[in-house]
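Protein chains in written order, with our numbering: chain A, 37 to 417; chain B, 2 to 152. Report on the structure given below.
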Amino acid sequence: MEDIAIVGVAQTKFEREKRDLNYAELVYGVVTELFEKTGATHQDVDNIVTASSDFWDGRTISSMAIQSAVGAYMKSESKVSSDGTLALLYGAMRILSGQFKTTLVVAHSKGSEGAPNLIANAAFDPVYQRQLGIDFHVASALQARAYMQKYGLTEQDVALVSVKNLANAKKNPYAQVAGDFTVDDVMNSGYLAEPIKTLDASPISDGACAVLLAHADVASRFTDKPVWLKGVGHCQDGYYLGDRDLTTSPALAAAARRAYQMASIDDPLKQLDVAEIYDAYSYQELMWTEALGFCQPGEGVQLLKSGVTAINGSLPVNPSGGLLAAHAFLAAGLVRVIECVLQLRGEAGEHQIPHAKTALAHGSFGFCGQTHCVWILSAER
Amino acid sequence: MSEEIIVHRTALSIPYAWAAGRHATRFYREIAEHRKLFGTRCPRCQRVLFPARKACSRCFTETTDWVEVGPRGTVTSFTVVHYAEPQIQPLPPPLAYALIQLDGADTAFIHLVSEVNVAEIKTGMRVEAVFAESPQGNILDVKFFKPITQG
Ligand SMILES: [Zn+2]
């Protein structure tokens, strides 16, 4: 990949309801914060890519309402209605086109303002599925059970993911849910859709985030600590859940393979220093670590229990707390990228992984990980 | 100054009229007229895809044969839902959904499981379709699946 760097990042604190700011104001706040941090001005931004959803915002053309908030007046702005990691991919491709030197990538969501289960239900096709009343929890619960049964995992095994990540989140000032929870706390948190309990599921969050991408020619204008895009892979699984083997994620494995190849990663467990992955539900962290090649299929739980993915382990996974700590829809994947950037710049504060040089950020979209995007980021060009 | 923020509460209500297409129309007509479930076979990978559809999701190939499947099948995963979402859920909680692999089909699909103590649902359980008395041309023309008590 031609050299493109992330030269600045900003994110809001994630909260259940951010009523002080309407969603355009929320976006304006995060973009102005990014400009303050980088010294970039509105004039420095060549073009803008945003990630948001008409359904979640409850309006047609969700990007229209944030045009002025991202400074898009008389500029090129285009929207991705999918995870923010894909907006980053689109933004990087615009720089690769040779037409632009900088791209501002912004994602936002206020999950508190819609009805998440009804919005999720509307993602199922009206011909064969929607009237069944299924939603994200139902789809994920079917995947969780299929996966857990295949490898003989207990609900207590899976609860360890929440215990780890919510404790990590105590050190992340942007997190929404954090604390010293025990396996029993998770077990007693009440079933949503069996085997998924409240503390196995990511919260509904309001928040926004922004990333400034720059071509190597101009990166030094904005920072002396650029973070370089070293590899990316993106792949889709099937749409109908019944067509898939839900116990495995060949699409994530394929996305990871492409990203690793581009970044010359042969042994991710050894070569990566930190990973931020899209654990919308606790069991997903186990499945995704397997698909990312950190361990063999079915061994995600052993990897977790061995302490490798703990914040002081050899490959910390979600030291920020991940999605279980905050899940602003569509923004959550781009937040994973931002957390990796903070780690690689040594700016992650209390959840800093010492000497992190190479990081993996993972975003996902759709039911049970239908689409995946994997980024490899490095402090070194 | 501590002022309560104004919150605009409203709802979008937009009617749609989604054409089901020829394949789904025939699928629902077979239920309405014969109480039969059909999938379609992909000529390339030979999988019988259920519910019936025009093209194979993997091979990008048009399906050819119509194949009767079920009405019996096997639960490959299931969940019991404990929250109420009355605008979308067809039954009150606790309600059960399962991934069901119908006999003769190569794909599973999601449907309701009812007429059962939800605590007794298990993977591997044999179930059969219960058809609605007056079909409407949608997926609830199969009202739900129920356990096969014998045979
Ligand atoms: Zn096929």
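The beta-carbon is built from N, C-alpha and C at its ideal position, and this holds for glycine as well.
Residue range of the unbroken beta strand (DSSP E) whose run includes residue i
i: residue 409 of chain A; result: 407-414
i: residue 243 of chain A; result: 242-251
i: residue 83 of chain B; result: That residue, residue 83 of chain B, is in no beta strand (DSSP E); it is neither H nor E in DSSP.
i: residue 132 of chain B; result: 127-132
i: residue 146 of chain A; result: 138-146
i: residue 326 of chain A; result: Residue 326 of chain A -> not in any beta strand (DSSP E); alpha helix (DSSP H) instead, spanning 318-327.
i: residue 269 of chain A; result: 263-272
i: residue 367 of chain A; result: Premise fails: residue 367 of chain A is in no beta strand (DSSP E) and is neither H nor E.
i: residue 306 of chain A; result: Careful: residue 306 of chain A lies outside any beta strand (DSSP E), inside the alpha helix (DSSP H) at 304-307.
i: residue 85 of chain A; result: 83-87
i: residue 165 of chain A; result: It is not in any beta strand (DSSP E) - residue 165 of chain A carries neither H nor E in the DSSP assignment.
i: residue 47 of chain A; result: 40-47
Beta-carbon separation (whole angstroms), residue i vs residue j, contact threshold 8 Å
i: residue 310 of chain A; j: residue 376 of chain A; result: 7 Å
i: residue 148 of chain B; j: residue 128 of chain B; result: 6 Å
i: residue 177 of chain A; j: residue 229 of chain A; result: 4 Å
i: residue 65 of chain A; j: residue 211 of chain A; result: Not quite, the Cβ-Cβ distance comes to about 18 Å (not below 8 Å), so this is no contact.
i: residue 105 of chain A; j: residue 81 of chain A; result: Residue 105 of chain A to residue 81 of chain A, Cβ: 13 Å. No contact.
i: residue 199 of chain A; j: residue 218 of chain A; result: 7 Å
i: residue 104 of chain B; j: residue 71 of chain B; result: 6 Å
i: residue 408 of chain A; j: residue 291 of chain A; result: 4 Å
i: residue 174 of chain A; j: residue 80 of chain B; result: 6 Å
i: residue 278 of chain A; j: residue 109 of chain B; result: 4 Å
i: residue 182 of chain A; j: residue 77 of chain B; result: 7 Å
i: residue 262 of chain A; j: residue 63 of chain A; result: About 24 Å; that fails the 8 Å criterion.
i: residue 394 of chain A; j: residue 307 of chain A; result: 6 Å
i: residue 124 of chain B; j: residue 102 of chain B; result: Rounded, the Cβ-Cβ distance is 11 Å, inconsistent with contact.
Distance CB(residue i)-CB(residue j) smaller than 8 Å
i: residue 249 of chain A; j: residue 399 of chain A; result: no
i: residue 151 of chain A; j: residue 243 of chain A; result: no
i: residue 113 of chain B; j: residue 96 of chain B; result: yes
i: residue 97 of chain A; j: residue 86 of chain A; result: no
i: residue 238 of chain A; j: residue 360 of chain A; result: yes
i: residue 22 of chain B; j: residue 68 of chain B; result: no
i: residue 156 of chain A; j: residue 318 of chain A; result: no
i: residue 38 of chain A; j: residue 168 of chain A; result: no
i: residue 282 of chain A; j: residue 179 of chain A; result: yes
i: residue 147 of chain A; j: residue 240 of chain A; result: yes
i: residue 70 of chain A; j: residue 46 of chain A; result: yes
i: residue 369 of chain A; j: residue 119 of chain A; result: yes
i: residue 274 of chain A; j: residue 58 of chain B; result: yes
i: residue 304 of chain A; j: residue 328 of chain A; result: yes
i: residue 49 of chain A; j: residue 88 of chain A; result: no
i: residue 226 of chain A; j: residue 149 of chain A; result: no
i: residue 29 of chain B; j: residue 142 of chain B; result: yes
i: residue 336 of chain A; j: residue 295 of chain A; result: no
i: residue 55 of chain B; j: residue 64 of chain B; result: yes
i: residue 117 of chain A; j: residue 90 of chain A; result: yes
i: residue 392 of chain A; j: residue 411 of chain A; result: no
i: residue 265 of chain A; j: residue 413 of chain A; result: yes
i: residue 350 of chain A; j: residue 324 of chain A; result: no
i: residue 258 of chain A; j: residue 74 of chain A; result: yes
i: residue 33 of chain B; j: residue 163 of chain A; result: no
Where the alpha helix (DSSP H) through residue i begins and ends
i: residue 101 of chain B; result: That residue, residue 101 of chain B, is in no alpha helix (DSSP H); its beta strand (DSSP E) goes 96-103.
i: residue 41 of chain B; result: Residue 41 of chain B -> not in any alpha helix (DSSP H); beta strand (DSSP E) instead, spanning 38-42.
i: residue 179 of chain A; result: 172-187
i: residue 127 of chain A; result: 120-132
i: residue 19 of chain B; result: Segment: none, residue 19 of chain B is in no alpha helix (DSSP H) and carries neither H nor E.
i: residue 297 of chain A; result: 286-298
i: residue 148 of chain B; result: No alpha helix (DSSP H) contains residue 148 of chain B, which is instead part of the beta strand (DSSP E) from 143-148.
i: residue 339 of chain A; result: 336-341
i: residue 155 of chain A; result: 152-157
i: residue 36 of chain A; result: Because residue 36 of chain A is not part of the residues shown, which for chain A are 37 to 417, the question remains open.
i: residue 59 of chain A; result: 59-74
i: residue 55 of chain B; result: Segment: none, residue 55 of chain B is in no alpha helix (DSSP H) and carries neither H nor E.
i: residue 91 of chain A; result: 90-93
i: residue 201 of chain A; result: 191-204
i: residue 219 of chain A; result: 219-223
Practice item. Let me have the residue list for ligand 1: C-beta closer than 6 Å to any non-hydrogen atom, ordered along the chain. Key: B:43, B:45, B:46, B:48, B:57, B:59, B:60 and B:62
Practice item. Return the residues of the segment 273-294 of chain A that lie within a Cβ-Cβ distance of less than 8 Å from chain C, sorted by chain order. Key: Chain labels in this structure do not include chain C; the protein chains are A and B.
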